[in-house]
Amino acid sequence: MNRKVRSLSEHLCYIALAKSDVSACVQLLEGSFQRFGPVEKTLMSDRGAALKFLLPLKSFTTRYLVFELNGWCLCVTDMIGENCFVDVYALSRKTRCPAMAAEFGATQRSFRFMEGGEVKRSIDCYRDGSDWFFEEMGARLDFESAEHYSRPDRSERLTPDLVTRYLSQCSEIPFPLDVRKTAFASIHGIQRCLDRLRVPLEQFFVDDQL
15 MNRKVRSLSE HLCYIALAKS DVSACVQLLE GSFQRFGPVE KTLMSDRGAA LKFLLPLKSF
75 TTRYLVFELN GWCLCVTDMI GENCFVDVYA LSRKTRCPAM AAEFGATQRS FRFMEGGEVK
135 RSIDCYRDGS DWFFEEMGAR LDFESAEHYS RPDRSERLTP DLVTRYLSQC SEIPFPLDVR
195 KTAFASIHGI QRCLDRLRVP LEQFFVDDQL
């Protein structure tokens with residue numbers, strides 16, 4: 015979780031997607047909320063209203079958005095500076111579908127590729143204090159620009175542009191997406207019950223301009 019996120023556009027740099035039937039994806043996310051009480055599901059047609067559904071951002075997940083596009087389900091959580099890696103990983107394990115999770119922020123970048131319920135490839139580039147770190151696990155994928163990984167400046171080894179390029183090459187979806195202008199096949203909102211919370215829920219009122 016990155017609490018330094020200050021805008022909705024920054025938050026949308028934390029995404030996950032799975033090549034799955036949308037009903038299977040929604041069912042899995044709904045199931046993760048059912049232990050808290052009744053779950054509300056909303057089929058949305060207005061992209062702007064869908065994005066506002068995430069606001070204010072929270073200290074833990076209370077809502078999901080699922081965007082259906084070109085056979086993929088793009089999942090976004092209302093937990094500030096967090097993607098849905100755990101959720102698409104669970105979906106990949108359940109249905110054996112390909113999935114990805116990514117971050118392409120200013121100081122935190124990552125790319126995960128899953129297939130058949132396993133994390134096949136993991137790349138991280140992030141700043142901790144004044145230092146940058148670069149880490150990779152798994153066999154490199156054919157489309158990777160591996161020449162970047164040996165650059166002297168570690169902050170340049172996995173840039174935001176490189177992360178979005180990897181997402182596009184895996185999914186054939188042009189990243190970064192302009193959510194306001196993309197014609198999604200469907201948009202689903204999923205909301206958990208907030209009765210009887212065991213821990214306090216923090217809210218983060220960020221700039222909602224994209």
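In the working numbering, the protein residues as written are 15 to 224.
We put the beta carbon where it would ideally sit given N, CA and C, even for glycine.
Can you check which of these residues, the options, is closest to residue i by C-alpha distance?
i, options, result
"Ala153", "Leu176, Arg126, Gly131", "Arg126"
"Gly51", "Gln205, Ala32, Val220", "Gln205"
"Leu162", "Asp138, Arg107, Gln48", "Per the sequence shown, the amino acid found at residue 162 is His instead of Leu. Considering only alpha carbons, the answer is Asp138."
"Leu83", "Phe118, Glu216, Ile201, Phe218", "Ile201"
"Cys111", "Gly131, Gly95, Arg123, Arg77", "Gly131"
"Arg212", "Val40, Phe74, Leu26, Ala32", "Phe74"
"Thr76", "Cys87, Phe157, Ile94", "Ile94"
"Arg107", "Ala120, Lys33, Pro214", "Lys33"
"Cys98", "Met15, Asp221, Val220, Arg194", "Met15"
"Glu44", "Leu69, Val80, Ala197, Thr178", "Val80"
"Tyr140", "Ser164, Val40, Glu170", "Glu170"
"Phe147", "Val133, Lys134, Ser164", "Ser164"
Please state whether DSSP places residue i in a helix, a strand or coil.
i, result
"Val80", "strand"
"Val19", "coil"
"Arg206", "coil"
"Ser59", "coil"
"Leu155", "coil"
"Glu129", "strand"
"Phe50", "helix"
"Glu150", "strand"
"Arg123", "strand"
Determine the contact status of residue i and residue j, defining contact as a CB-CB distance below 7 Å.
i, j, result
"Leu42", "Leu105", "yes"
"Thr109", "Ala38", "yes"
"Ser182", "Pro188", "yes"
"Cys87", "Asp101", "no"
"Thr196", "Phe118", "no"
"Ala115", "Ala63", "no"
"Ser21", "Val220", "yes"
"Phe218", "Leu71", "yes"
"Asp209", "Leu69", "no"
State yes or no: is the beta carbon of residue i nearer than 7 Å to at least one beta carbon in chain B?
i, result
"Trp146", "Protein chain content of the structure displayed is limited to a single chain, and chain B is not contained in it."
Give the range of the alpha helix (DSSP H) segment to which residue i is assigned.
i, result
"Glu44", "36–47"
"Thr263", "Lying before the first or after the last residue shown, residue 263 is absent from the chain, which here runs from 15 to 224."
"Tyr28", "It is not in any alpha helix (DSSP H) - Tyr28 instead sits in the beta strand (DSSP E) that spans 28–32."
"Ala104", "99–109"
From residue i to residue j, what does the alpha carbon distance come to, in whole angstroms?
i, j, result
"Glu96", "Val53", "21 Å"
"Arg168", "Arg49", "43 Å"
"Thr91", "Pro166", "35 Å"
"Glu186", "Tyr180", "10 Å"
"Glu129", "Tyr78", "22 Å"
"Ala120", "Phe47", "31 Å"
"Ser23", "Gln122", "15 Å"
"Lys18", "Gly143", "13 Å"
"Val40", "Leu215", "24 Å"
"Ser124", "Glu150", "10 Å"
"Lys55", "Arg61", "16 Å"
What residue does the beta strand (DSSP E) around residue i start on, and which one ends it?
i, result
"Ala197", "Taken as a continuous stretch (DSSP letters only), Ala197 belongs to no beta strand (DSSP E), as it is neither H nor E."
"Lys134", "132–142"
"Phe114", "For clarity, residue 114 is Met in the given sequence; the question names Phe instead. Met114 -> beta strand (DSSP E) spans 113–118."
"Leu69", "Counting along the chain, Leu69 falls outside any beta strand (DSSP E), and DSSP gives it neither H nor E."
"Val90", "86–91"
Taking 6 Å as the cut-off, does the CB of residue i come closer than this to any heavy atom belonging to the ligand ADP?
i, result
"Lys195", "Among the components modelled here there is no ligand, and therefore nothing to report on the ligand ADP."
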